[in-house]
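With numbering that gives the first Met the number 0, letter number 203 in the sequence shown gets 202, and the count goes up by one each step, no holes. Here a beta-carbon is modelled for each residue, glycine too, at the ideal position from N, C-alpha and C.
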Amino acid sequence: MTDSATFARQRQTMVDCQVRTFDVTDQVLIDRMGHVPRELFVPDRLRPLAYSDAVLTIPGASPRKLLVPLVLARMIQALALKPTDKVLDVGGGCGYSAAVMAGLCAHVTALESDPAISDAARRSFADGGLSNVTVATGPLAAGHPANAPYDAILINGAVAAGLEPLLAQLVDRGRLVCIEAASGQAIRYDKVGDDLGSRRLFPAGGVVMAEFAEAPAFAF
């Protein structure tokens with residue numbers, strides 16, 4: 000069984016060898032990732048791999064593939080979170096991404112579609128002593144209007160379609176970051192009044208999340 004000291008060493012190695020080497024320069028974010036125990040936010044059998052660069056899968060009715068730490072860090076950095084921000088974390092599994100962002104902003108709503116995964120996240124937040132995270136369960140592509148509007152939204156995976164309801168839940172000058180399936184690039188959307196801008200950020204592969212897949216074309 001891996002002890003806390005070993006996890007702490009692995010966490011520092013993750014920060015030094017994955018996060019810092021992938022153009023993550025936000026020192027507050029780097030420090031946060033050096034303190035959040037990722038092993039608390041994965042199933043017990045995956046804990047030995049918590050700080051690896053492997054893609055980990057959270058099992059469930061809607062299995063969730065977690066973003067590798069270096070990609071997650073770069074995407075969170077692109078959100079440019081402020082201490083006053085309200086954030087929606089979409090499809091973050093057992094809550095690691097929400098836990099990281101909870102130390103950078105005022106409040107995070109962690110949205111999952113599988114009640115079992117939501118329950119696991121809720122337990123992890125309690126174990127981690129996080130009081131500024133709300134867990135919500137429901138269709139990912141619908142967002143969580145009850146806590147909207149949001150200053151920033153993070154989608155933990157690749158998206159092919161279905162962003163409109165989430166973009167509608169952003170405040171003026173709100174930001175949304177996800178992986179664009181068609182280009183294999185992380186992308187940031189910026190909402191300014193009634194206008195929407197976007198820019199590609201960096202290459203980031205990922206499996207299209209089922210909730211954001213394109214509808215199948217009708218075949219004659």
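With distances taken from CA atoms, which of the options is nearest residue i?
| i | options | result |
| --- | --- | --- |
| residue 102 | 117, 129, 108, 182 | 129 |
| residue 196 | 209, 180, 181, 166 | 166 |
| residue 75 | 63, 57, 61, 107 | 107 |
| residue 175 | 193, 192, 183, 151 | 151 |
| residue 68 | 62, 32, 77 | 32 |
| residue 295 | 79, 46, 194, 70 | Within the shown structure, residues of the chain are numbered from 0 to 219, placing residue 295 beyond reach of any answer. |
Is residue i buried or exposed, if buried means 16 or more other CB atoms sit within 10 Å of its CB?
| i | result |
| --- | --- |
| residue 15 | exposed |
| residue 44 | exposed |
| residue 24 | exposed |
| residue 190 | buried |
| residue 5 | exposed |
| residue 192 | exposed |
| residue 17 | buried |
| residue 213 | exposed |
| residue 11 | exposed |
| residue 183 | exposed |
| residue 206 | exposed |
Where DSSP assigns a beta bridge to residue i, which residues make up the other side?
| i | result |
| --- | --- |
| residue 202 | 184 |
| residue 196 | 189 |
| residue 41 | Partner(s): none; residue 41 has no beta bridge. |
| residue 153 | 88, 176 |
| residue 158 | 179 |
| residue 207 | 157 |
Return the first residue and the last residue of the alpha helix (DSSP H) that residue i is part of.
| i | result |
| --- | --- |
| residue 220 | Past the edges of the chain, shown from 0 to 219, lies residue 220, and the structure says nothing about it. |
| residue 166 | 163-166 |
| residue 9 | 3-13 |
By the DSSP assignment, the beta strand (DSSP E) with residue i in it spans what residues?
| i | result |
| --- | --- |
| residue 169 | 169-179 |
| residue 135 | 132-136 |
Indicate, with yes or no, if the ligand HEM has a heavy atom lying under 7 Å from the CB of residue i.
| i | result |
| --- | --- |
| residue 105 | What this structure holds is no ligand at all, so the ligand HEM is not there to describe. |
| Could you give the uninterrupted runs of the alpha helix (DSSP H) lying entirely in the stretch 49-125, keeping only those of 4 residues or more? | If you keep only unbroken alpha helix (DSSP H) runs of at least 4 residues inside the stretch 49-125, you get 68-78, 95-101.
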